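Same order as they appear, the protein sequences are chains A and B.
Last residue of the first sequence: 590 (the working numbering), numbering continuous.
Last residue of the second sequence: 299 (the working numbering), numbering continuous.
Reading through the C-alpha cells given below for one structure.
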Amino acid sequence: MLATAGSLYVPEWLHGRSAGYKRGIRILHTNDFHSHVDPFPANHPLHANMGGIENLRSLILDNRPLDESFLLLDCGDIFQGTPYFNLFGGVPEMIWMNHAGYHATTLGNHDFDNGVEKLAELLKHANFPAVNCNYDFHETALNNMVKPYQIFKRSGIKIGITGVGIDLDGLVQAPLRKGVVYRDPVEWVQKTVDHLRKKEHCEMIIVLSHLGYQYPGNKIDDQKLAKATNGIDLILGGHTHTFLDEPVKFKNISGKEVIINQAGWAGLRLGKIDFIMDHI
Amino acid sequence: MKPILLWQRIFPFGVLVFGILSGHSCQIKKVSYAGGENLKVISTAKYDTLTANLIKPWRDSVAKSMKDTIAYADSAFLPGMPEGNLNHLVADLVKEEADRFLRDTFGYPTHLCLLNRGFLRNPLPKGYITERDLFEMMPFDNYLVFVKVGGATMDSILNEIRIAGGAVIAGLKMEIRKNEYFNAEIGGFKFDSRREYWIATSDYLLNYGDGFFSLKSAMIKVYTTKNIRDITREGMKAETKQYGKLLYHNDKRITLRKND
Chain A
311 MLATAGSLYV PEWLHGRSAG YKRGIRILHT NDFHSHVDPF PANHPLHANM
361 GGIENLRSLI LDNRPLDESF LLLDCGDIFQ GTPYFNLFGG VPEMIWMNHA
411 GYHATTLGNH DFDNGVEKLA ELLKHANFPA VNCNYDFHET ALNNMVKPYQ
461 IFKRSGIKIG ITGVGIDLDG LVQAPLRKGV VYRDPVEWVQ KTVDHLRKKE
511 HCEMIIVLSH LGYQYPGNKI DDQKLAKATN GIDLILGGHT HTFLDEPVKF
561 KNISGKEVII NQAGWAGLRL GKIDFIMDHI
Chain B
40 MKPILLWQRI FPFGVLVFGI LSGHSCQIKK VSYAGGENLK VISTAKYDTL
90 TANLIKPWRD SVAKSMKDTI AYADSAFLPG MPEGNLNHLV ADLVKEEADR
140 FLRDTFGYPT HLCLLNRGFL RNPLPKGYIT ERDLFEMMPF DNYLVFVKVG
190 GATMDSILNE IRIAGGAVIA GLKMEIRKNE YFNAEIGGFK FDSRREYWIA
240 TSDYLLNYGD GFFSLKSAMI KVYTTKNIRD ITREGMKAET KQYGKLLYHN
290 DKRITLRKND
C-alpha cells in the first residue's frame, strides 16, 4: 500500500492520481497523553525508555505524508499524570501540541482536573480546535471555545470531525465541571453526523471519542456507539488506555463498516490509519 | 442592454477546461479503509533537538524539583485488580497514619482503608524511589477523610468493591464472584451487618464516587487537611529508614472466585 522515499513515507495515492484518480488521507492519532512529556525511565517495570515527545515527534514526521493529505488528532486526557501538570498546570502540554502540529482534539475527564476556567485559559493558547458535541457548555467559560465539529479539506474531500465525551459524574469533582451538562452520546453524535453529512456535505466523518473502548452491560462505549449510529467512518478512542494492535472493523446500524482504533496511553503509541477515496 | 464583459464570456469555458484537466468534476464514490497500525514510540537515532530545546526550561525545572530520593525498593511495586502489591503498600501506609490520627483525635481505631484503583496511575520502579516516581504513581491531590458507616452501608460498599473488580484496601479480606461477595473479614473479624465501621478514604471517593457511591450515606464524615501523597511519602521514608527498603505486602485480600 505504501512506498517509502528515504525515511519519509510517500503514500501510494500521491503517485496514483493519473491512474484511476485514487487519492487518500492518512490519520495519525494519540489519546490519553496524561502529561507524559518525557520517556518512561529506564527502570520502569512496564514501559522502560518508551514514549517521550522527541520520539513521538520523530515518529510523526516519519509517517506523515509529504503533502497535506493527513490529520494529526488527539482524543483527550491530555493532562494529569506527571509533575509537568502539577507544577505548570498544562502549559508545556499545550506548547507541545502546538509544536507537533495537532489539527484537533476532544476533551477527556482529566482535562477538567483544574476546573473549567483553567481549561478555557489553556485552550486559548491552542493552535487547534477542541471538538465535542455532547457536552453543553453554555453556562461555562468553555462556551464558544469548544466547537461541536470542525471541517477540514484534505485530498479534495471535506472531512467532518466531531468529539464525544464520557459522563463526568463520578469522575470529575462537581465544582471543577460546574455548568457542564452531559447529553446522550448516541443522540448527539448522530445529530452532528447528520448535520455534517447533509448540511455541510462532508464526505468523511471522524469521531474523536473519550467514552472508552468497551464496557460490559449498557454503559456506552465506542463499540456501542459504532453499532448504534449511521454515517461514521472512523472512531478514534480514549479513556480506557486500550492497546490495540491495529484498528478494528465494526458494522454500523445500517451494516456499513466503521473503523475503531485506540492507541494505548502516555504517548506510547501513535495510531496510523489510511483511507483511500475512489472517484467515479 | 449591458455589454458582456470578457470574463463573463470565458468563465464557463474556463470551468469546463479546468474540470477536464484536473479530474475534479467527478464525484467521490466512496471513502475506503486501506489499513492501519499502532506504532510503538521508542527512541530513535534521529533525536529531535528542536523539540528537546523547546521543552528544556520545563524539563529542567521538573528535574530540579523532583530529584529527591524518598525510598528504596528491591523490586518493583505494581498496581493491580483485584489487588496488587502497590495497592497493598499504599493502603497499609495510609491506614497506619489514619489509625494514629483517629486514635489521637477520637480514641477509635480505623477498621479499614479504602481507595480506588484509579488513584494509582503508575508502578513504583525497582531501585531508589524519587519524588518524581511518587508524583507519577499518585498525581492527584486527594485528602484523607474518615467516615463512620452502619452495617447496611458497609454491605453496599463491599458490593461496590465486587462490582469494581477490586480496590486499594487494608484491613479487609473478602472473596468475590460475579454476583456476590462472601467470607468478608474486617479487622480480622467476620463482617457483622449489625456493627458500625470507621473507614479511612479520600475526599474524592467520598464526594465523587468512582463507583463507591454508598460512602455518601455515612453517618459521620470527618475531613482532614492531610494530603494522601504526603502521608504515603512519609510512610515510605519511615519504612526505608527502619528496614532499608520498602516491605512487601503480599497477603491475599481480595480473591476472585469463579461462578459455580
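Each residue gets a CB set at the ideal place from its N, CA and C atoms; glycine is no exception.
Quick caveat, the model's predicted, so the values are computed rather than measured.
### Query
Mind pulling the chain C residues with CB within less than 9 Å of residue 347 of chain A?
Any reference to chain C falls outside this structure, whose protein chains are A and B.
### Query
So what's residue 192 of chain B in DSSP terms, helix, strand or just coil?
One-based indexing of the second sequence puts residue 192 of chain B at position 153. The answer is helix: DSSP assigns residue 192 of chain B an H, G or I state.
### Query
Within the 7 Å Cβ cut-off, does residue 500 of chain A reach chain B?
Translated into the one-based positions of the first sequence, residue 500 of chain A becomes position 190. So, not an interface residue.
### Query
From what residue to what residue does the alpha helix (DSSP H) around residue 103 of chain B run?
For this step, residue 103 of chain B is matched to residue 64 along the second sequence. First-last of the alpha helix (DSSP H) with residue 103 of chain B: 88 to 104.
### Query
Among the residues of its own chain, which have a CB less than 8 Å from the CB of residue 174 of chain B, if the five just before and after it don't count?
Position 135 of the second sequence holds residue 174 of chain B. Excluding residues within five positions, the ones whose Cβ falls inside 8 Å are 105 and 268.
### Task
Identify which residue in A:447, A:439, A:469 and A:524 has its Cα closest to the Cα of residue 544 of chain A.
One-based indexing of the first sequence puts residue 544 of chain A at position 234. The residue with the shortest Cα to Cα distance from residue 544 of chain A is A:469.
### Task
Find the residues of chain B that neighbour residue 356 of chain A, judging by a C-beta separation of less than 7 Å, and give them in chain order.
Taking the first residue of the first sequence as position 1, residue 356 of chain A is located at position 46. Correct list: 162.
### DSSP bridge partner residues for residue 77 of chain B (one or two, in chain order)
For this step, residue 77 of chain B is matched to residue 38 along the second sequence. When DSSP reads this structure, residue 77 of chain B sits in a beta bridge with A:581.
### Query
With a CB to CB cut of under 6 Å and the five nearest residues on each side skipped, what residues in its chain are close to residue 294 of chain B?
Looking up residue 294 of chain B in the second sequence gives position 255. The answer, listed in chain order, is 214.
### Query
From residue 591 of chain A to residue 475 of chain A, what distance separates their C-alpha atoms?
The displayed coordinates of chain A run from 311 to 590. Any statement about residue 591 of chain A would go beyond what the structure contains.
### Message
Using a Cβ-Cβ distance cut-off of 7 Å, determine whether residue 409 of chain A contacts chain B.
### Response
Within the first sequence, numbered from 1, the residue matching residue 409 of chain A stands at position 99. By this cut-off, residue 409 of chain A is an interface position.
### Query
Using a beta-carbon distance cut-off of less than 9 Å, what residues from the region 178 to 197 of chain B approach chain A?
178, 179 and 180
### Message
Let me check understanding here. Comparing Cα to Cα, which of A:562, A:363, A:553 and A:570 lies closest to residue 408 of chain A?
### Response
Locating residue 408 of chain A in the first sequence gives position 98, where the first residue counts as 1. It is A:363.
### Query
What number of angstroms, rounded off, separates the C-alpha of residue 345 of chain A from the C-alpha of residue 462 of chain A?
Indexing the first sequence from 1 puts residue 345 of chain A at position 35. Indexing the first sequence from 1 puts residue 462 of chain A at position 152. Straight-line Cα distance between these residues: approximately 27 Å.
#### Entry: Per-residue burial, residue 259 of chain B [other beta carbons within 10 Å of its own, 16 or more giving buried]
Position 220 of the second sequence, counted from the first residue, corresponds to residue 259 of chain B. So residue 259 of chain B counts as exposed.
### Task
Starting from the beta carbon of residue 539 of chain A, find every residue of chain B whose beta carbon is closer than 8 Å, and list them in chain order.
Position 229 of the first sequence holds residue 539 of chain A. Those do not exist, as residue 539 of chain A stays about 16 Å from chain B at its closest Cβ, beyond 8 Å.
### Query
Any idea which residues DSSP pairs residue 211 of chain B with across the strands?
Position 172 of the second sequence, counted from the first residue, corresponds to residue 211 of chain B. B:225.
### Query
Which residue from B:223, B:285, B:74 and B:270 puts its Cα closest to that of residue 183 of chain B?
If you number the second sequence from 1, residue 183 of chain B lands on position 144. Nearest C-alpha to residue 183 of chain B: B:270.
### chain B residues whose Cβ lies nearer than 8 Å to that of residue 402 of chain A
Within the first sequence, residue 402 of chain A is the residue found at index 92, counting from 1. Result: 94 and 97.
### Query
Is it buried or exposed for residue 206 of chain B, if we count other Cβ within 10 angstroms and need 16 for buried?
Numbered from its first residue, the second sequence carries residue 206 of chain B at position 167. The residue in question, residue 206 of chain B, is buried, as its Cβ has 16 or more Cβ neighbours within 10 Å.
### Task
Just grab the DSSP bridge partners of residue 473 of chain A for me.
Here residue 473 of chain A refers to the residue found at position 163 of the first sequence. Its beta-bridge partners are A:518.
### Task
Could you work out which residues of chain A lie near residue 107 of chain B, taking near to mean beta carbons separated by less than 8 Å?
Sequence index remark: in the second sequence, residue 107 of chain B carries index 68 (1-based). Those do not exist, as residue 107 of chain B stays about 12 Å from chain A at its closest Cβ, beyond 8 Å.
### Query
Taking the alpha-carbon positions, what's the residue 249 of chain B to residue 423 of chain A distance?
Counting from 1 along the second sequence, the entry for residue 249 of chain B is found at position 210. Counting from 1 along the first sequence, the entry for residue 423 of chain A is found at position 113. Distance between the alpha carbons of residue 249 of chain B and residue 423 of chain A: 15 Å.
### Query
Around the Cβ of residue 288 of chain B, are there at least 16 other Cβ atoms within 10 angstroms (buried) or fewer (exposed)?
Counted from its first residue, the second sequence places residue 288 of chain B at position 249. Residue environment: residue 288 of chain B is assigned as buried (16 or more neighbouring CB atoms within 10 Å of its CB, all protein chains considered).
### Task
Look up residue 390 of chain A in the DSSP assignment and say whether it is helix, strand or coil.
As a working mapping, residue 390 of chain A is identified with position 80 in the first sequence. Residue 390 of chain A: coil per DSSP, three-state reduction.
### Message
Taking the beta strand (DSSP E) that residue 384 of chain A belongs to, which residues open and close that run?
### Response
On the first sequence, position 74 is the one that residue 384 of chain A refers to. Segment 380 to 384, the beta strand (DSSP E) holding residue 384 of chain A.
### Task
Just list the beta strand (DSSP E) runs in the region 481 to 560 of chain A, keeping only unbroken ones of 3 residues or longer that don't cross its boundaries, in chain order.
514 to 520 and 544 to 546
### Task
Name, please, each residue of chain A whose Cβ falls closer than 7 Å to the Cβ of residue 90 of chain B.
Here the question's residue 90 of chain B lines up with position 51 in the second sequence. 363, 364, 367 and 409, listed in chain order.
### Query
If the cut is a Cβ gap below 8 Å, which residues of chain A does residue 241 of chain B touch?
By one-based count along the second sequence, residue 241 of chain B stands at place 202. Neighbours of residue 241 of chain B on chain A: none; closest Cβ ~11 Å, over 8 Å.
### Query
What residue does the alpha helix (DSSP H) around residue 144 of chain B start on, and which one ends it?
Position 105 of the second sequence, counting from 1, holds the residue named residue 144 of chain B. It spans 124 to 145 - the alpha helix (DSSP H) in which residue 144 of chain B sits, taken as one unbroken run.
### Expected contact under 8 Å - CB spacing of residue 190 of chain B and residue 210 of chain B to nearest Å
Here residue 190 of chain B refers to the residue found at position 151 when the second sequence is read from its first residue. Here residue 210 of chain B refers to the residue found at position 171 when the second sequence is read from its first residue. Not quite, the Cβ-Cβ distance comes to about 16 Å (not below 8 Å), so this is no contact.
### Message
Which runs of the beta strand (DSSP E) at least 3 residues long sit entirely within the region 145 to 205 of chain B? Give them in chain order.
### Response
151 to 154, 166 to 169 and 182 to 188
### Query
Does DSSP put residue 64 of chain B in a helix, in a strand, or in coil?
On the second sequence, residue 64 of chain B is found 25 positions in, with the first residue counted as 1. Note that residue 64 of chain B scores 45 on pLDDT, short of 50, meaning its location in the model is unreliable and no value can be drawn from it.
### Task
List the residues of chain B that residue 567 of chain A touches, going by C-beta distances under 7 Å, in chain order.
Here residue 567 of chain A is taken as the residue at index 257 of the first sequence, counted from 1. Per Cβ cutoff of 7 Å: 72.
### Task
Grab me the residues of residue 63 of chain B's own chain with a C-beta within less than 7 Å of its C-beta, minus the 5 sequence neighbours each way, in chain order.
Here residue 63 of chain B corresponds to residue number 24 of the second sequence, with the count starting at 1. Residue placement at residue 63 of chain B is poorly supported in this model, since its pLDDT is 46, which falls under 50; the coordinates are not used for a value here.
### Message
Counting beta carbon pairs with one atom in the region 472 to 487 of chain A and one in the region 241 to 248 of chain B, are three or more of them shorter than 8 Å?
### Response
yes
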